[in-house]
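**Student:** For what it's worth, my numbering labels the leading residue of the sequence shown as 218, then goes sequentially. All residues carry an ideal CB built from backbone N, CA and C; glycine is no exception. Shown below is the structure under consideration.
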Amino acid sequence: MFLFIKRRGGWGFTLIELLVVIAIIAVLVALLLPAVQQARESARRSQCKNNLKQLGLAMHNYNSTHNVFPPNDGILGSPTWDTNGKGTHLVMLLPYLDQAPVYNAINFTNLGEPYNTTLPNGGGLLRVLSLQVLTCPSDNRAALINGVAQTNYAGNTGSTWLQSANGCNLSTIVGTGDTNGDGEDWFGNGGTNIGNVRTDIADPASCSGMVARSAWCCKFADVRDGTSNTIMMGEIRPICSGDFNSNGWVRGDSLWNCVTPPINFPTCPGEPGFGVSPCTQNTLAWNTEMGFKSRHVGGAQFVFGDGSVKMLSQNINYPTYQALGDRQDGRVVANDF
């Protein structure tokens with residue numbers, strides 16, 4: 218209870234009382250602000266989770282229609298690998314994301330489509346169309362980049378063979394070692410050529426992810442490790458991969474993300490760890506920049522083949538992470554990953 222003093226001018230606070238009140242308010246704000254920020258991030262993370270759930274459901278609906286998961290380089294059976302002229306797997310999902318009119322406006326037979334598609338009713342070009350279901354509100358750097366709409370989600374191409382053009386050697390970061398008794402290390406090739414498999418060869422048996430080229434798209438029967446143990450899609454940050462992800466969600470040479478780099482590896486400009494080595498760049502360091510990343514503290518969220526969404530720690534056991542990203546390596550993964 219405050220002490221009021223009667224003066225000639227009426228009742229009022231003393232200077233000391235005002236200072237005490239201000240101090241109390243400052244303390245309360247300092248105590249409440251972190252809780253408010255945490256609550257807001259929790260809401261943003263829930264929205265990201267819901268987006269992944271919708272994308273996972275769209276993947277399943279696409280599979281129900283076509284008996285295969287969507288390709289990342291154009292329409293099914295496309296005779297060309299011209300990724301600049303075709304669309305990503307997210308473009309293929311448009312009819313299952315309540316965007317059928319947008320999808321129907323695309324002429325897939327023309328080179329440069331759907332990237333240069335003009336949307337109906339004065340909607341502009343498809344490449345600048347931002348969709349809420351493709352955007353995580355936690356990433357405040359995921360708006361238009363170079364005039365192209367971005368996405369915070371991408372399919373998993375698996376434990377993929379990658380190399381870097383700037384001398385980044387991922388094996389110096391994660392080590393090497395035979396984890397499944399096949400006489401190969403985690404990445405098969407080792408050294409600067411990293412990855413169990415490649416996405417640029419016409420060998421369906423070698424493709425390890427649930428997203429691939431149109432010539433050998435994944436089917437449910439190909440997920441031999443079990444859908445609950447195989448990553449289907451995950452969170453990405455386009456600003457952290459200037460070579461590919463910043464090309465946007467439409468262009469077919471954009472979303473070739475994989476589990477080869479560790480989660481949240483520091484390739485994001487202006488953030489701690491960026492630029493301290495060749496592997497911490499957002500261009501030419503393909504070994505590390507094409508990984509899954511988020512702005513959530515401690516990890517990133519993924520939707521698995523069975524449609525479940527899980528938060529994986531950035532400190533997850535590396536061979537376990539590799540096994541979760543590979544649909545057919547036969548490795549046993551503990552349930553507590």
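Which residues in the same chain as residue 508 place their Cβ atom closer than 6 Å to its Cβ, once the five residues preceding and following it in sequence are excluded?
**Tutor:** Cβ neighbours of residue 508 beyond the five flanking positions: 478 and 482.
**Student:** Measuring only the C-alpha atoms, how far is residue 274 from residue 235?
**Tutor:** Looking at the two C-alpha atoms, the distance is approximately 57 Å.
**Student:** Among 489, 545, 475 and 513, which residue has its Cα nearest to the Cα of residue 380?
**Tutor:** Comparing Cα positions, the closest option is 475.
**Student:** Assuming residue 529 is part of the beta strand (DSSP E), what are its boundary residues?
**Tutor:** Looking at the DSSP string, the run of the beta strand (DSSP E) that includes residue 529 is 526-530.
**Student:** How close, in whole Å, do the beta carbons of residue 355 and residue 512 come, if the pair is a contact with beta carbons under 8 Å?
**Tutor:** Confirmed, about 4 Å.
**Student:** Could you compute how far the alpha carbon of residue 424 sits from the alpha carbon of residue 246?
**Tutor:** Roughly 53 Å separates the two Cα atoms.
**Student:** If you follow the beta strand (DSSP E) that residue 309 is part of, which residue opens it and which one closes it?
**Tutor:** Not the beta strand (DSSP E): residue 309 falls in the alpha helix (DSSP H), residues 306-309.
**Student:** Does the beta-carbon distance from residue 345 to residue 271 come in below 8 Å?
**Tutor:** No, the Cβ-Cβ distance between residue 345 and residue 271 is not below 8 Å.
**Student:** Tell me whether residue 232 is buried or exposed, calling it buried when 16 or more other Cβ atoms sit within 10 Å of its Cβ.
**Tutor:** Exposed, by the Cβ-count rule.
**Student:** Quick test of the definition: if touching needs 3 or more C-beta pairs under 8 Å, does the region 536-547 touch the region 438-451?
**Tutor:** These segments touch.
**Student:** As a quick exercise: from 522, 457 and 364, pick the residue whose alpha carbon is nearest that of residue 505.
**Tutor:** The shortest C-alpha separation from residue 505 is found at 457.
**Student:** Report yes if the CB atom of residue 305 is closer than 8 Å to the CB atom of residue 466, and no otherwise.
**Tutor:** Yes. Within cutoff.
**Student:** Go through its chain and collect everything with a Cβ distance to residue 441's Cβ below 6 Å, but skip five positions before and after it.
**Tutor:** Closer than 6 Å at the Cβ level, and outside the excluded window around residue 441, lie 545.
**Student:** Mind pulling the beta strand (DSSP E) runs of 3 or more residues that sit fully within the region 447-480?
**Tutor:** Segments of the beta strand (DSSP E) lying fully in the region 447-480: 448-452.
**Student:** Within the same chain, show all residues whose beta-carbon is closer than 7 Å to that of residue 267, passing over the 5 residues directly before and after it, in chain order.
**Tutor:** None.
**Student:** To the nearest angstrom, report how far apart residue 240 and residue 257 are at their CA atoms.
**Tutor:** Answer to the nearest angstrom: the Cα atoms are 26 Å apart.
**Student:** Give the list of continuous alpha helix (DSSP H) stretches no shorter than 4 residues that lie fully inside the region 355-395.
**Tutor:** Counting only runs of 4 or more, we get 388-391.
**Student:** Where are the beta strand (DSSP E) runs, 3 residues long or more, that stay fully inside the region 487-520, in chain order?
**Tutor:** None, since the region 487-520 contains no complete beta strand (DSSP E) of that length.
**Student:** Apart from the five residues just before and just after residue 313, which ones in its own chain have a Cβ nearer than 7 Å to its Cβ?
**Tutor:** So the list reads 275, 278 and 279, once near-sequence residues are dropped.
**Student:** State the Cα-Cα distance for the pair residue 368 and residue 282, rounded to the nearest angstrom.
**Tutor:** Taking the straight line joining both Cα atoms gives about 24 Å.
**Student:** Could you tell me how far apart the beta carbons of residue 516 and residue 450 are, in whole angstroms, since I believe they sit closer than 8 Å?
**Tutor:** Not really, about 15 Å apart at Cβ, beyond 8 Å.
**Student:** By how many angstroms is the C-alpha of residue 518 removed from the C-alpha of residue 529?
**Tutor:** Near 6 Å, if we compare the C-alpha coordinates of residue 518 and residue 529.
**Student:** Let me confirm a value: residue 437 is counted as buried when at least 16 other C-beta atoms fall within 10 Å, else exposed. Which label applies?
**Tutor:** Residue 437 should be labelled exposed.
**Student:** Taking only the alpha-carbon atoms, compute the straight-line gap between residue 303 and residue 323 and give it to the nearest angstrom.
**Tutor:** Going from the Cα of residue 303 to the Cα of residue 323 covers about 10 Å.
**Student:** Pull up the DSSP beta-bridge partners for residue 249, would you.
**Tutor:** DSSP lists no partner for residue 249.
**Student:** Kindly list the residues whose CB is nearer than 8 Å to the CB of residue 370, restricted to its own chain and excluding five residues on each side of it in sequence; keep chain order.
**Tutor:** Hits under 8 Å: 268, 269, 272, 307, 351, 353, 450, 451, 452 and 453.
**Student:** Would you give the residue range spanned by the alpha helix (DSSP H) that residue 537 belongs to?
**Tutor:** 535-542 is the span of the alpha helix (DSSP H), which, as asked, contains residue 537.
**Student:** Would you check if the distance between the CB atom of residue 185 and the CB atom of residue 459 is smaller than 8 Å?
**Tutor:** As shown, the chain starts at 218 and ends at 554. That puts residue 185 outside it, with no answer to give.
**Student:** On the three-state DSSP scale, how would you describe residue 231?
**Tutor:** Looking at residue 231 - three-state DSSP - the assignment turns out to be coil, as it is neither helix nor strand.
**Student:** In the DSSP assignment, find the alpha helix (DSSP H) that holds residue 288 and state where it starts and stops.
**Tutor:** Note, residue 288: premise wrong, no alpha helix (DSSP H); not H, not E.
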